[in-house]
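In our numbering, the protein residues as written are 309 to 432. Ideal placement from N, C-alpha and C gives every residue a C-beta, glycine not left out. One structure below.
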Amino acid sequence: MIERVLLVRAGADRFGIPLSLSLGVVDAQVTPLPCTAQEQAGLLLHEGSLFPVFDPAPLLELHSPLLTGAIAVLLEVAGEPLALLCDGVEGTAPLDPQTGLTEGGLAPIDLPAAFPELSAGGGR
Numbered sequence: 309m310i311e312r313v314l315l316v317r318a319g320a321d322r323f324g325i326p327l328s329l330s331l332g333v334v335d336a337q338v339t340p341l342p343c344t345a346q347e348q349a350g351l352l353l354h355e356g357s358l359f360p361v362f363d364p365a366p367l368l369e370l371h372s373p374l375l376t377g378a379i380a381v382l383l384e385v386a387g388e389p390l391a392l393l394c395d396g397v398e399g400t401a402p403l404d405p406q407t408g409l410t411e412g413g414l415a416p417i418d419l420p421a422a423f424p425e426l427s428a429g430g431g432r
């Protein structure tokens, strides 16, 4: 059960990432890759590990594009490292156990659903 979320801003959108999946927040120093899907921004090297980096706007069908994408939230989904670009992190918030929402009405994003091939063991 998700108890806390990391509150993230991407363009004009805000969303919550389950804190249990977060490995940290770093400056987005992304190496672009040719011939990748629209949502994949490239790769990020952090402490000896490579993280595929994704733009959340097309991936999560957000209403606005990233403004700067200067921050990357490092995650582990289904045992695989990945990172989501964002414009800012606003802190953490608890989820109401009755509604599954934050006090501001945000629901956590379902990262396994956004990356179904990871959950199925296919990798990216």
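Nearest-angstrom beta carbon gap, residue j and residue i [assumed within contact, 8 Å]
{"i": "Leu353", "j": "Ala380", "result": "The pair is not a contact, with the Cβ atoms about 11 Å apart (cut-off 8 Å)."}
{"i": "Val316", "j": "Ile325", "result": "6 Å"}
{"i": "Val333", "j": "Val397", "result": "5 Å"}
{"i": "Ala336", "j": "Gly377", "result": "6 Å"}
Under 8 Å between C-beta atoms of residue i and residue j
{"i": "Leu390", "j": "Phe359", "result": "yes"}
{"i": "Leu331", "j": "Leu393", "result": "no"}
{"i": "Leu419", "j": "Leu314", "result": "no"}
{"i": "Arg312", "j": "Pro402", "result": "yes"}
{"i": "Phe423", "j": "Val361", "result": "no"}
Alpha carbon of residue i to alpha carbon of residue j, nearest angstrom
{"i": "Leu414", "j": "Ala421", "result": "17 Å"}
{"i": "Glu347", "j": "Pro364", "result": "7 Å"}
{"i": "Thr400", "j": "Leu374", "result": "20 Å"}
{"i": "Ser357", "j": "Ile417", "result": "24 Å"}
{"i": "Cys343", "j": "Gly350", "result": "10 Å"}
Heavy atom of the ligand MN within 7 Å of residue i beta-carbon
{"i": "Val397", "result": "You won't find the ligand MN in this model; it holds no ligand whatsoever."}
- prompt: Can you list the beta strand (DSSP E) stretches of 3 or more residues lying completely in the stretch 382 to 414, in chain order?
  reply: Runs found: 388 to 394, 396 to 402.
message: Below 8 Å, how does it come out for the stretch 368 to 375 and the stretch 319 to 327: are there three or more Cβ pairs, yes or no?
response: The stretch 368 to 375, when compared against the stretch 319 to 327, does touch it at the 8 Å Cβ threshold.
- request: Tell me the start and end of each unbroken beta strand (DSSP E) in the stretch 310 to 394 that is at least 3 residues and wholly inside, in chain order.
  value: 312 to 318, 321 to 326, 330 to 335, 348 to 354, 357 to 362, 379 to 385, 388 to 394, all fully within the stretch 310 to 394.
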